[in-house]
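Notes to accompany the following structure.
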Amino acid sequence: MDSGFMHQLLQQLINGLSLGSIYALIALGYTMIYGILKLINFAHGDIYMVGAYIGYVCTTIFHLPFLPSLLIAMAGSAVVGMIIERIAYRPMRNAPRIAILITAIGVSFFLENGMILLASPQPRTFSSEFSASVYHMGGLVINSQQIIILISTVVLMLALTYIVNRTKMGKAMRAVSFDADAARLMGINIDRVIGMTFALGSALAAAGGVLVGVYYNSIDPLMGMAPGIKAFVAAVLGGIGIIPGAMVGGIILGIVEALVSGFISSTFRDAAAFAILILILLYKPQGLFGKNVREKV
Amino acid sequence: MTTEAKTETRHLLDLQNVSIVFGGLRAVSNVNMYIDEHELIGLIGPNGAGKTTAFNLITGVYVPTEGDIYFDGKRINGKKSYQVTQMGMARTFQNIRLFSELPVIDNVKIAYHMHIQYNLPEAIFRTKKYFREEDDVTEKAMELLKIFHLEEHANDLAKNLPYGAQRRLEIARALATEPKLLLLDEPAAGMNPQETKELMEMIRWLRDHFHLAILLIEHDMSLVMGVCQRIYVLEYGLCIANGTPDEIRHNKRVIEAYLGEEVS
Amino acid sequence: MNSLVKADIRKLGIAAVLFAAIYGMLETEIIGAFWELNLVLIMINIILATSLNMINGYTGQFSIGHAGFFAIGAYMGAIMTVKLGYDMPVALIVGTISAGIVGFLVGLPTLRLNGDYLAIATLGLGEIIRICILNIEYVGGASGLMGIPRLTTFPMAFWIMVAILFFIKNFKNSAYGRACLAIRENEIAADTMGIDTTRYKVMAFTLGASFAGTAGVLFSHYFFIAHPASFTFMRSFDILTMVVLGGLGSMTGSVTGAIVLTFISAALSDFPEWRMLIYSVAMIVLMLYRPQGLFGDKELSLQMIRSLKMGGKKNDD
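Here it is as structure tokens:
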């Protein structure tokens, strides 16, 4: 009984870790874009969907191997992200916050319904060469996809950390998110930095999309809605605007969801994410990694 | 400083050893201060001395880390801003905080909020009481606007007023809460010398006309010298001097604090 | 008699004429079944949009979980009629009050949050409500609560809507409404005017939630079913879009937004695959070119139309 419980717990932790990696990848884009524009980019979950579809086309129609497909999906989604920013968000820079939020919702609907028109609402399955080879380790089940997800996520996060901390563009991004006006005065091209942020965030979300396609084998035009919102929860959990926060937040959320569906009921899985959201907002709205800021009177 | 018993107070406003700490920084430290009815008191100090923080402590925006604040004989530590206002204290802000998308008259009507007696059903069904009180509030608000020469702007949006008029509207709005004590945070900021002079005369007139006590923040000493009866000087959160304008003018520490600035 | 009372009576007169005209067309079947259904839907959406406008437009509290309260009304009303055998009035009262109670319980802790955080919290709460309903077998779980009698009639929907519009209009033009507007404009200043900001935020939120509940009862008793899929955050976004389209803070704007969007949806219902796409493009274009919505925060009135013609004076009420 006891070892059964431990076994179940470990198994759910493994499942949660791979699910959480996906959330983390999406959450990173959320947090970066929020940090720089103070915009909840509701369309971000749909970029993840777009990435999954590009990945689907590459692997299933053109029979490309995993890695090139992943890179093409990331590049393609980065372009889509930049186009969205250019057309829908840039003209709204000085508009009321609610108007930008509505625009983001509009973009989200557009991507979802555009994809329904383009690819039909039916779910698509990734080609079977990615179906699981299952490893048994001391009674635990780990499949090859979970390993691919974990490795890809770790590599991508390291790459992102390098870009943000070591490159000139990364420094510019941090400067803009700290104080856009001051950054502009320092000669930083704000528009380029924002475009780059969308590109990076979108590429990460696309990677998440392809990985999910490989993991669950099935994608559909509305697949971005729920993970999109949950990734935002993850970003808030870690402290919005804070990159390591999004990583940790995503992982925690994934693990909690896996534990809830493993030990309570899978129908309450989604409620768990929102319950975490409410609790964190009420008790630590700045997130796990955030600093407390008070309004100056 | 003051020598009263630590729990009883005869003053309108009484700060007893008040401090506030923000993450290790003592923004206001051990300040003792009192104001009696109908007094006009100045609170001065260089920029960053903690004057506005002191205001925020008095008006319930911040809760003191140590010490007690009494208003009208009651301890008000930890009371919320709106409760402090309901007890008879009103304030203006250094960076003007009007209801900018609303008409000027509504800015003032909002300030009569706590004098409205009708309840929600009476408002929805528009009873006689509703009309009587609404008419009453509108009339009173117009009177106040007249005093501040704002009556012809009554239906303009507050954000469209010129700067000086916005400052006046903020004072009018504060007075509409019918306070016993009015706190003005750098009311002359951004005004030219002529406007400033008029404002100072108006402040004195307000005190007499509305039977108020007034606490005035200024960082420019010369301004308050002419109009205030007593002055408190803050520096780095500490109260370094208090007394009549004459005493302050000749106080060594004050001169040091303002070194480089002329003390008139 | 006061001029405001006269204005109210005139507005009621207009409502009565409008009612008679539509009712006549329904009775003589000039308006067919399809548009009758959409008429009732328009009224339900008007209630939803104007009630959300109380929260988002007047009080400036960004809520995007309105579908949750709509759901509570729909389900509680249906429980009253289907499970407990009560009449429609009981369903309406219970649906309204229970949505209000949930709104109060939800609003009290969350309304401390500002801006985006409140938005995302209300979104989350709306979803939690839906997921809970999904898991309650008593009300049909994932397959929904079926067999609800059609007790909502056109006259009932119309006059309930008119009553709610009057409520909201008079609320706005009272000290209560002014307190809410003050909070929207500058919360710290509102506080120093002696306004208990939490109290008024919760009040606006509770009232808005209650009316969403009323709309829910009308909804489930017109469409025979209460189904969790009707109350997703898509619904909340829909309502929000109506409010923003008309202009945040404008009640007549919310009414117009609800009419326009319901109408567009209905007109495009033959092209379901294009409907949402056109809808989304319209949303983006509107925000790009008129982010303040059709009316801004002004109310549409005869005076406004007149003043547009003459380029003249302002309107009130």
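Chains as they are written, first to last, in the working numbering: chain S, 105 to 401; chain P, 3 to 266; chain L, 310 to 626. We put the beta carbon where it would ideally sit given N, CA and C, even for glycine.
Does chain L have any CB closer than 8 Å to the CB of residue i?
{"i": "F302(S)", "result": "no"}
{"i": "D108(P)", "result": "yes"}
{"i": "Q1(P)", "result": "Here chain P covers residues 3 to 266 and nothing more, so residue 1(P) does not appear."}
{"i": "N145(S)", "result": "no"}
{"i": "N269(S)", "result": "no"}
{"i": "E103(P)", "result": "yes"}
{"i": "S122(S)", "result": "no"}
{"i": "M153(S)", "result": "no"}
Which partner residues of residue i appear in the DSSP bridge assignment?
{"i": "A92(P)", "result": "L184(P)"}
{"i": "L240(P)", "result": "E237(P)"}
{"i": "T135(S)", "result": "For T135(S), which the question treats as bridged, DSSP gives no partner whatsoever."}
{"i": "R228(S)", "result": "I323(S)"}
{"i": "Y239(S)", "result": "I246(S)"}
{"i": "S21(P)", "result": "E68(P)"}
{"i": "V183(S)", "result": "Paired residues: none, contrary to the question."}
{"i": "L45(P)", "result": "I219(P) and Y234(P)"}
{"i": "A310(S)", "result": "Looking at the DSSP assignment, A310(S) forms no beta bridge with any residue, so it has no partner."}
DSSP three-state call for residue i: helix, strand or coil?
{"i": "K607(L)", "result": "coil"}
{"i": "H13(P)", "result": "coil"}
{"i": "S519(L)", "result": "helix"}
{"i": "F127(P)", "result": "coil"}
{"i": "K76(P)", "result": "strand"}
{"i": "N157(P)", "result": "coil"}
{"i": "Y114(P)", "result": "coil"}
{"i": "N354(L)", "result": "helix"}
{"i": "H111(S)", "result": "helix"}
{"i": "I318(L)", "result": "helix"}
{"i": "M3(P)", "result": "With a pLDDT of 43 at M3(P), under the threshold of 50, the modelled position of that residue is not reliable, and no figure is offered here."}
{"i": "V411(L)", "result": "helix"}
{"i": "Y395(L)", "result": "coil"}
{"i": "G620(L)", "result": "Bear in mind that a pLDDT of 45 at G620(L), under 50, signals an unreliable position, so the number given afterwards is only what the model happens to contain. Coil, per DSSP."}
{"i": "M35(P)", "result": "strand"}
{"i": "P164(P)", "result": "coil"}
{"i": "L168(S)", "result": "coil"}
{"i": "I51(P)", "result": "Correcting the residue type first, residue 51(P) is Ala in the shown sequence and not Ile. Looking at A51(P) - three-state DSSP - the assignment turns out to be coil, as it is neither helix nor strand."}
{"i": "L420(L)", "result": "coil"}
{"i": "D625(L)", "result": "Confidence is the limiting factor: at D625(L) the pLDDT is only 42, short of 50, which leaves the residue's position unreliable, though a coordinate-based value still follows. Three-state result, D625(L): coil."}
{"i": "P458(L)", "result": "coil"}
Between the alpha carbons of residue i and residue j, how many angstroms are there, rounded?
{"i": "F378(S)", "j": "L443(L)", "result": "15 Å"}
{"i": "I131(P)", "j": "T179(P)", "result": "The residue asked about is misnamed: residue 131(P) is Lys in this sequence, not Ile. Looking at the two C-alpha atoms, the distance is approximately 20 Å."}
{"i": "G166(P)", "j": "A518(L)", "result": "42 Å"}
{"i": "M592(L)", "j": "P600(L)", "result": "10 Å"}
{"i": "H111(S)", "j": "D547(L)", "result": "45 Å"}
{"i": "V552(L)", "j": "F73(P)", "result": "44 Å"}
{"i": "L392(S)", "j": "G228(P)", "result": "53 Å"}
{"i": "G342(S)", "j": "G394(S)", "result": "7 Å"}
{"i": "M334(L)", "j": "F520(L)", "result": "28 Å"}
{"i": "F532(L)", "j": "F572(L)", "result": "18 Å"}
{"i": "G620(L)", "j": "M290(S)", "result": "Confidence is the limiting factor: at G620(L) the pLDDT is only 45, short of 50, which leaves the residue's position unreliable, though a coordinate-based value still follows. When rounded, the distance between both Cα atoms is 46 Å."}
{"i": "V238(S)", "j": "G155(S)", "result": "26 Å"}
{"i": "L254(S)", "j": "D324(S)", "result": "23 Å"}
{"i": "V314(S)", "j": "T265(S)", "result": "21 Å"}
{"i": "V245(S)", "j": "F580(L)", "result": "47 Å"}
{"i": "K254(P)", "j": "G239(P)", "result": "18 Å"}
{"i": "T4(P)", "j": "N162(P)", "result": "Any reading at T4(P) must be qualified, since the residue scores a pLDDT of 45, below 50, and its modelled position is unreliable; the value itself is stated next. Those two C-alpha atoms are separated by around 46 Å."}
{"i": "D70(P)", "j": "Y36(P)", "result": "12 Å"}
Against chain S, with Cβ distances strictly below 8 Å, would residue i count as a contact?
{"i": "G433(L)", "result": "yes"}
{"i": "N444(L)", "result": "yes"}
{"i": "G424(L)", "result": "yes"}
{"i": "F546(L)", "result": "yes"}
Nearest chain P C-beta to residue i closer than 8 Å, yes or no?
{"i": "V553(L)", "result": "no"}
{"i": "R584(L)", "result": "no"}
{"i": "V314(L)", "result": "yes"}
{"i": "D579(L)", "result": "no"}
The stretch 338–349 of chain S contacting the stretch 122–134 of chain S, beta-carbon criterion three pairs below 8 Å: Yes, they touch.
Cβ contact (3+ pairs, closer than 8 Å) linking the stretch 112–127 of chain S and the stretch 354–362 of chain S: The stretch 112–127 of chain S is in contact with the stretch 354–362 of chain S.
Meets three-Cβ-pair contact criterion under 8 Å: the stretch 77–90 of chain P and the stretch 141–153 of chain P: When Cβ pairs closer than 8 Å are counted between the two stretches, the stretch 77–90 of chain P is seen not to touch the stretch 141–153 of chain P, the count staying below three.
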